[in-house]
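Asker: Chains A and B are the protein sequences, given in the same order. Numbers in the working numbering are just positions in the first sequence, counted from 1, shifted up by 502. Numbers in the working numbering are just positions in the second sequence, counted from 1, shifted up by 94. We put the beta carbon where it would ideally sit given N, CA and C, even for glycine. Can you read through this structure? Questions will come right after.
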Amino acid sequence: MDPDVATRTRDEALTDIENAHTPADLEAVRIRYLGRKGLISQYLTEMGSLSAEDRPRVGKLLNQAKAEITRALATKSAGSASDRPSGPPLDVTLPGKKPVRGAAHPITRTMDEISEIFASLGFTVATGPEVEREYYNFEALNMPMDHPSRDAFDTLFLKNGGLMRSHTSTVQIRYMKKHTPPIRIIAPGRVYRPDTVDASHHFMFHQIEGLAVDENITFADLKAVLMHFAHRYFGQEVKMRFRPSFFPFTEPSAEVDISCFICGAKGCAVCSGSGWLEVLGCGMVDVNVFKAVEYDEEKYTGFAFGMGVERMAMLKHGINDIRLFTENDVRFLGQLR
Amino acid sequence: MKVPISWLEKYCACDLSPEDLAQKLTMTGTAVESVDRVGNDTVLTFEITSNRADLLGVLGIAREVSALTGASLTLPDREFPVSDEEASTLTSVENKAKKLCPAYTAKVITGVSVGESPLWLQDALTAVGLRPVNNVVDITNYVMLETGQPLHAFDMDKLAEKRIVVRRARAKETIVAIDGTECALSKDDLVIADARQPVAIAGVMGGLHSEVDNSTTDILLESAVFDPFTIRQTARRLALASDSSYRFERGVTSESMMLGSDRACRLIVELAGGAAAKGTARAGAVKTRPVSVKIRWDRLNKLLGIRIPRDEALPILRNLGLTVKKDSKRQTTFTVPESRPDLTREVDLIEEVARLWGYDKIPAFSTMTIVSPEKQRDDIVLAECRRLLVGLGFYEVVTPSFVSTRDSFDLWSDTEPLALGNPVRENEPLLRKSLVGSVLQASKGNADRGNRTCTLFEIAKAYLPSNEALPRETTLLATASPAHFDELKGALESMLDSMGVPVTFAQEDRLPFAAGRSARITLLEGTVCGWIGDVSASYLRELDLKQEMCAFEVNMNEISSRAVLLKQNPSIPRFPSMSRDYAFILDEKRSWADVESCVREKGSSLVEHIAVFDVYRGEEIGTGKKSIAFSITYRAADRTLTGQDVDEVQAGIISSLTSELDATLRM
Chain A
503 MDPDVATRTR
513 DEALTDIENA
523 HTPADLEAVR
533 IRYLGRKGLI
543 SQYLTEMGSL
553 SAEDRPRVGK
563 LLNQAKAEIT
573 RALATKSAGS
583 ASDRPSGPPL
593 DVTLPGKKPV
603 RGAAHPITRT
613 MDEISEIFAS
623 LGFTVATGPE
633 VEREYYNFEA
643 LNMPMDHPSR
653 DAFDTLFLKN
663 GGLMRSHTST
673 VQIRYMKKHT
683 PPIRIIAPGR
693 VYRPDTVDAS
703 HHFMFHQIEG
713 LAVDENITFA
723 DLKAVLMHFA
733 HRYFGQEVKM
743 RFRPSFFPFT
753 EPSAEVDISC
763 FICGAKGCAV
773 CSGSGWLEVL
783 GCGMVDVNVF
793 KAVEYDEEKY
803 TGFAFGMGVE
813 RMAMLKHGIN
823 DIRLFTENDV
833 RFLGQLR
Chain B
95 MKVPISWLEK
105 YCACDLSPED
115 LAQKLTMTGT
125 AVESVDRVGN
135 DTVLTFEITS
145 NRADLLGVLG
155 IAREVSALTG
165 ASLTLPDREF
175 PVSDEEASTL
185 TSVENKAKKL
195 CPAYTAKVIT
205 GVSVGESPLW
215 LQDALTAVGL
225 RPVNNVVDIT
235 NYVMLETGQP
245 LHAFDMDKLA
255 EKRIVVRRAR
265 AKETIVAIDG
275 TECALSKDDL
285 VIADARQPVA
295 IAGVMGGLHS
305 EVDNSTTDIL
315 LESAVFDPFT
325 IRQTARRLAL
335 ASDSSYRFER
345 GVTSESMMLG
355 SDRACRLIVE
365 LAGGAAAKGT
375 ARAGAVKTRP
385 VSVKIRWDRL
395 NKLLGIRIPR
405 DEALPILRNL
415 GLTVKKDSKR
425 QTTFTVPESR
435 PDLTREVDLI
445 EEVARLWGYD
455 KIPAFSTMTI
465 VSPEKQRDDI
475 VLAECRRLLV
485 GLGFYEVVTP
495 SFVSTRDSFD
505 LWSDTEPLAL
515 GNPVRENEPL
525 LRKSLVGSVL
535 QASKGNADRG
545 NRTCTLFEIA
555 KAYLPSNEAL
565 PRETTLLATA
575 SPAHFDELKG
585 ALESMLDSMG
595 VPVTFAQEDR
605 LPFAAGRSAR
615 ITLLEGTVCG
625 WIGDVSASYL
635 RELDLKQEMC
645 AFEVNMNEIS
655 SRAVLLKQNP
665 SIPRFPSMSR
675 DYAFILDEKR
685 SWADVESCVR
695 EKGSSLVEHI
705 AVFDVYRGEE
715 IGTGKKSIAF
725 SITYRAADRT
735 LTGQDVDEVQ
745 AGIISSLTSE
755 LDATLRM
């Protein structure tokens, strides 16, 4: 076999392709060179007659020729008249017809995101009624009637008795009354306060509160869980600090700040120059709350925490007016998709 | 509460800069909101939590600073020279409301010269935002801010019979307060009265009539303990809040009552002259029993998750003024000072140790077990529903739960909706029984802003009145769309198909839908689960929405409980299908449902799919008639159908339609 056969065959094939004018011509060329009984195939079989040194080189050349012929056939075929559609030239820069895309609301997306983070730590979602009794909203949470500690939790009440819950801690009480420890839940949902509406306040907003009760829950556990949450939600670089505070239903209590990720904790308008953003309230469940749900307060300890969903979303996405969430301007909804 | 550093330093010297002190206080639980330079001084503004009434005076803050820094506390002098007269002969106190006023004391200072306060006193008051009035009044304010004990000075000559009666107000009694407001009193209000009439709203505000002015010579100085709840109720009812009521609501102690009285007397004698009578006229006394609290050291460690050595924890509690009553390696019993009524339980002491030792020293380390959370069916279905609708191009909205009468509809309940007693938006006091009104309002809001009208949806609760005290909270999905009825219905059908929940539609009129253009949606076993229709023109007019709209609302509780979560056993038909088109002329009053059920009955297992592709009305087919064109896809599960097979089935279908529905085959 002639060692130059590959190159020669390829050249002949290219010429034949050049001279082919119809799809039928092209097909004939293909069969002649690349078909099962075609020339390339034939030469590949005859390679046995070559020396051991020549065989690899010629084999490679034949396969290369095959590839080139295949490419040339394809190019010619695509460019041929029968393949080209008729009609005006295509302006590829014209905008496409975009189908309408919907958007989930940033509040539900934020609640889902936060719920998922806590789900990864074993927290189950619990829900409860929005229209509540005084007992669940105050007394069971260690806020007796007419106590100044209620000021921070003023409510919208109903004409015929009952009130709109001012926090989702009500769900925690209901859950504890129905279950025995170990408990690990988060309670997301709408809450209501009699606040006049402005850029940072609304009478209706959303909270996510969490509760864990077991035999050996500690303050260190609380710190660890919230640290994990902050890193997942705001980023690994964020720092956290716990400041002693007071809530009627936790003791010890803390307010939790994260380092302001907007100014890198240098101080800006959002963090009022302090470098810290207050994001959570938390603490160890007060023994009076355990008494209300009839848990053995010697045997069990627990922690609870709470956050405002609007606040979280506003911090993370740079939204500066809470009213945007309930105005539902589709331009706003679409930008946060 | 504002505290100038210069004032604080009278009781506790502090090496730290104001900023460092503020930082340390904040990080141990006494929050400083701001540090401001006022003249030559620096003023710290505190945010005091409701459990720390002891911090509502500079002395209390000083105690906290001393516990924090270890600096020693210097208590102010409280002695003063007394005359030979006894206060109890110059006046008397009759307490007719001992439950509302556990203790009342009155001191008498005669022959005072009321005038301008010295500069240091005026400066101290202005630095914290109070306006100087005269030396006596200023002293009462000063001592209140110093000790946390509110005081009041009466011009004794203006008190009828120069004596005090502590009692409930009588119905129809009124008083003009020192700020000029005329207050109508009720028997739930505690007043300080003279022999004739109320002279002060106890614990809230003094009366104008008996206030100390430049002509006053004899003072009756009140220092008392009032019941916090009564003061709170009265202050709220009369809409009169004061620095006094604020402190009484949080609770004062008999210790502060006596200290405040002594301090004020001393300063009045010093700055306004006059002679203080010996002793105090009083009625009632607060029984103080020393409070003991035991703390177990291993409980401290167990709750916090870190070992705080007993040798470090014990001094912290001592520095706060607690004294050791009984001590052992495992537990210690402390006597709690009267100034800290908030410390009554072991966990309260644990918190004191933790906050002063430093929360930041407790590691963030968890040994909580690995647990798998349960996912609730409803949450899964609602999340999927949301995904489906967003995928169809819908925008999710969140609207307030309260509506006006205009936007309240009886789609699910015709009972009167529940109403708020104190709505923030007065024209929207009703707890909504359906969502569609709110969603259409959101559509209108967008139209007003010139936005292209999109399809909006909301998944939220409706509050359906029930026989019990609390409403039945039902999760609904409502949608408002500028699309045509058939497009919105198609979207709904897509969604329900995905969830595996079959429904039927039947025409029924219901507000807010247009008459003849709405349907009741029912689950197979008959439960109504929703409504769909064109929105009525009159409601659109009320909303001033110029776009024609379509809407649906479905009960997600019902749908969720029937949704198929796990799809199994997919199968693809093995044999080819055959499609044929038909057009039938029918009477207008016949519905597609009639046609379809006929076809399915006659076609049974060979009819795989029926698709309507046209509904035509025109002169040539006659009035009161319509032509429905549809295709039937025939397929057998076990064989390839022949033309003959299909012909046979088809014949049955055609004859059935013709005879049962009076249909005429058009092609």
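#1: Please check if any C-beta of chain A sits within less than 7 Å of the C-beta of B:S144.
#2: For B:P494, go through chain A and note every residue whose CB falls closer than 7 Å to its CB, in chain order.
#3: B:M121 touches chain A at which residues, Cβ-Cβ below 7 Å?
#4: What is the residue span of the alpha helix (DSSP H) that B:W506 lies within?
#5: Could you list the residues in the region 596-615 of chain A with a C-beta less than 8 Å from some C-beta on chain B, going in chain order?
#6: Using only the alpha-carbon positions, how far apart do A:R652 and B:T311 sit?
#7: When you measure from the CB of B:R262 to every non-hydrogen atom of the ligand GTP, does any distance come out below 6 Å?
#8: Which whole-angstrom value is the C-beta distance of A:G581 and B:L486, which I expect to be below 8 Å?
#9: How about A:F748: is its C-beta nearer than 7 Å to some C-beta of chain B?
#10: Grouping DSSP H, G and I as helix and E and B as strand, with all else coil, what is B:Y453?
#11: Distance, Cα to Cα, A:C765 vs A:G777?
#12: Can you list, in chain order, the stretches of the alpha helix (DSSP H) that have 4 or more residues and sit fully within the region 516-559 of chain B?
#13: Can you name the residues of chain A whose CB is closer than 9 Å to the CB of B:K396?
#14: Would you please state the rounded distance, in angstroms, between the beta carbons of B:A375 and B:A165? I believe it to be under 8 Å.
#15: Identify, in the order they occur along the chain, each residue of the same chain with its Cβ nearer than 8 Å to the Cβ of B:R257, setting aside the five sequence neighbours on each side.
#16: Nearest chain B C-beta to A:S776 closer than 7 Å, yes or no?
#17: At what residues does the beta strand (DSSP E) containing B:P98 begin and finish?
#18: Tell me which same chain residues have a C-beta within less than 8 Å of the C-beta of B:R262, skipping the five on either side of it?
#19: Restricting to runs no shorter than 3 residues, where is the beta strand (DSSP E) found entirely within the region 529-590 of chain A?
#20: Alpha carbon to alpha carbon, how far is B:A536 from A:K768? Give it in angstroms, no decimals.
#21: Hey, would you say B:I313 sits closer than 7 Å to B:I203, going by beta carbons?
#22: Which chain A residues are close to B:D473, counting only those with a beta carbon under 7 Å from its beta carbon?
#23: A:G663 versus chain B: which residues are under 8 Å apart at the beta carbon?
#24: Per DSSP, what are the beta-bridge partners of A:M706 in this structure?
#25: If we cut at 7 Å on Cβ distances, does B:E210 have a partner in chain A?
#26: Give the range of the alpha helix (DSSP H) segment to which A:G836 is assigned.
#27: Taking C-beta to C-beta, are A:L779 and A:C773 nearer than 7 Å?
#28: Closer than 7 Å, CB to CB, is B:N545 near chain A or not?
#29: Tell me, which residues are paired with A:L713 by DSSP?
#30: Would you mind reading off the limits of the beta strand (DSSP E) that contains B:I715?
#31: Just checking: is the beta-carbon of A:A621 within a distance shorter than 7 Å of some beta-carbon in chain B?
#32: Return yes when the Cβ of A:M549 is within less than 7 Å of the Cβ of A:G891, no when it is not.
#33: Report yes if the C-beta distance between B:S750 and B:K696 is below 7 Å; otherwise report no.
#34: With a threshold of 7 Å between beta carbons, is A:G624 in contact with chain B?
#35: In the DSSP assignment, find the unbroken alpha helix (DSSP H) run with B:Y340 in it and report its ends.
#36: Taking a contact to mean a Cβ-Cβ separation below 7 Å, would you say A:V787 touches A:A806 in this structure?
Answerer: On the basis of the coordinates in this document:
#1: What you label residue 144 of chain B is simply residue 50 of the second sequence in a count that begins at 1. It does: the Cβ of B:S144 has a partner Cβ on chain A nearer than 7 Å.
#2: As a first step, residue 494 of chain B is located in the second sequence; it is residue number 400 there, counting from the start. Going along chain A in sequence order, the residues near B:P494 (Cβ under 7 Å) are M706 and T828.
#3: Position 27 of the second sequence, counted from the start, is the residue given in the question as residue 121 of chain B. By Cβ distance, chain A contributes R745.
#4: As a first step, residue 506 of chain B is located in the second sequence; it is residue number 412 there, counting from the start. That residue, B:W506, is in no alpha helix (DSSP H); it is neither H nor E in DSSP.
#5: P601, V602, R603, G604, A605, A606, H607, I609, T610 and D614
#6: The count along the first sequence starts at 1 and reaches residue 652 of chain A at position 150. The count along the second sequence starts at 1 and reaches residue 311 of chain B at position 217. C-alpha separation (whole angstroms): 43 Å.
#7: For the ligand GTP, the structure offers nothing, since it holds no ligand at all.
#8: One-based indexing of the first sequence puts residue 581 of chain A at position 79. One-based indexing of the second sequence puts residue 486 of chain B at position 392. Not a contact, Cβ separation roughly 42 Å.
#9: In the first sequence, counting from the first residue as 1, residue 748 of chain A sits at position 246. A:F748 counts as touching chain B.
#10: Residue numbering aside, residue 453 of chain B sits at position 359 when the second sequence is read from its first letter. The answer is helix: DSSP assigns B:Y453 an H, G or I state.
#11: As a first step, residue 765 of chain A is located in the first sequence; it is residue number 263 there, counting from the start. As a first step, residue 777 of chain A is located in the first sequence; it is residue number 275 there, counting from the start. Rounded to whole angstroms, A:C765 to A:G777 spans 7 Å at the Cα level.
#12: Qualifying alpha helix (DSSP H) stretches, in chain order: 530-542.
#13: In the second sequence, counting from the first residue as 1, residue 396 of chain B sits at position 302. In chain order: N718, T720 and T803.
#14: Along the second sequence, one-based indexing puts residue 375 of chain B at 281. Along the second sequence, one-based indexing puts residue 165 of chain B at 71. B:A375 to B:A165, Cβ: 39 Å. No contact.
#15: Your numbering for residue 257 of chain B matches position 163 in the second sequence. Same-chain partners within the cutoff: T185, S186, V187, E188, D288 and A289.
#16: Position 274 of the first sequence, counted from the start, is the residue given in the question as residue 776 of chain A. Not one chain B Cβ lies under 7 Å of A:S776.
#17: Taking the first residue of the second sequence as 1, we reach residue 98 of chain B at position 4. Per DSSP, B:P98 belongs to the beta strand (DSSP E) from K96 to P98.
#18: Locating residue 262 of chain B in the second sequence gives position 168, counting from the first residue. Hits under 8 Å: K190, A191, L194, K281, D282, D283, L284 and V285.
#19: none
#20: Position 266 of the first sequence, counted from the first residue, corresponds to residue 768 of chain A. Position 442 of the second sequence, counted from the first residue, corresponds to residue 536 of chain B. Whole-angstrom Cα-Cα distance: 40 Å.
#21: The residue you call residue 313 of chain B lines up with position 219 of the second sequence. The residue you call residue 203 of chain B lines up with position 109 of the second sequence. Closer than 7 Å, so yes.
#22: As a working note, residue 473 of chain B is residue 379 in the second sequence. By Cβ distance, chain A contributes V627.
#23: Here the question's residue 663 of chain A lines up with position 161 in the first sequence. Per Cβ cutoff of 8 Å: A563.
#24: Translated into the one-based positions of the first sequence, residue 706 of chain A becomes position 204. A:M706 pairs with A:Y694.
#25: Position 116 of the second sequence, counted from the start, is the residue given in the question as residue 210 of chain B. B:E210 does not count as touching chain A.
#26: Start at 1 with the first residue of the first sequence, and residue 836 of chain A comes out as number 334. V832 to Q837 is the span of the alpha helix (DSSP H), which, as asked, contains A:G836.
#27: Residue numbering aside, residue 779 of chain A sits at position 277 when the first sequence is read from its first letter. Residue numbering aside, residue 773 of chain A sits at position 271 when the first sequence is read from its first letter. Yes, the pair counts as a contact, with Cβ atoms nearer than the cut-off.
#28: The residue labelled residue 545 of chain B in the question sits at position 451 within the second sequence. Interface residue, yes.
#29: Here the question's residue 713 of chain A lines up with position 211 in the first sequence. Per DSSP, A:I687 and A:A806.
#30: Along the second sequence, read from residue 1 onward, the residue named residue 715 of chain B stands at position 621. Run containing B:I715: none; DSSP gives neither H nor E here.
#31: In the first sequence, counting from the first residue as 1, residue 621 of chain A sits at position 119. Yes, A:A621 counts as interfacial toward chain B.
#32: Lying before the first or after the last residue shown, residue 891 of chain A is absent from chain A, which here runs from 503 to 839.
#33: The count along the second sequence starts at 1 and reaches residue 750 of chain B at position 656. The count along the second sequence starts at 1 and reaches residue 696 of chain B at position 602. Yes, the Cβ-Cβ distance between B:S750 and B:K696 is below 7 Å.
#34: Residue mapping note: residue 624 of chain A aligns to position 122 of the first sequence, counting from 1. It does; some Cβ of chain B falls within 7 Å.
#35: Numbered from its first residue, the second sequence carries residue 340 of chain B at position 246. D337 to R344 is the extent of the alpha helix (DSSP H) around B:Y340.
#36: By 1-based counting over the first sequence, the position of residue 787 of chain A is 285. By 1-based counting over the first sequence, the position of residue 806 of chain A is 304. Yes; because the gap between Cβ atoms is below 7 Å, this pair is in contact.
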